[in-house]
Amino acid sequence: MIRFVTAALAAMLVAAPVFAAEPPKGPVTVKAPEGHKQAPVKFDHANHAKLDCAKCHTDKANAKAVPAVESVKAGEASPKSSAHDLCLSCHKENKAKTTCTACHAKA
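As structure tokens, then:
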């Protein structure tokens, strides 16, 4: 019983940073790397509130970061990037729009 309680507490401590942070009030803008012509993505946390935060915020040590988005900031931007894989797979799974302009809306 003590092992179970210890394991449960440890799991809560590891997962806590993901859920403890308040999401930004407005949309977060993710720009394509220099030299790419895609329009920026405006990600609104309020539209995604029903989803599990840990699906995107997978880095427990830095819960505010989204590794797939960090790869875009580092210069990876293509229809085969980890950000596209993450977002498109979730959109397909949740029957959301998967057209380019659904996320890359021109202003």
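All residue numbers for the sequence shown refer to the working numbering, where the first residue is 518 and numbers rise by one. Idealized CB from N, CA, C, for every residue including glycine.
Member of the options whose CA lies at the smallest distance from the CA of residue i
i, options, result
"P550", "D569, C573 and S595", "S595"
"G592", "H553, H565 and K542", "H553"
"P541", "H608, H565, Q555 and K548", "H565"
"P544", "Q555, D561 and P557", "D561"
Beta-carbon gap between residue i and residue j smaller than 8 Å
i, j, result
"S588", "S599", "yes"
"L603", "A585", "yes"
Cβ-based burial, residue i [other Cβ within 10 Å; buried from 16]
i, result
"C617", "exposed"
DSSP state of residue i mapped onto helix, strand, coil
i, result
"K590", "helix"
"K559", "strand"
"T615", "coil"
Assess, as a yes-or-no matter, whether the stretch 608-617 is touched by the stretch 571-587 under the definition of 3 or more beta carbon pairs within less than 8 Å. No, they do not touch.
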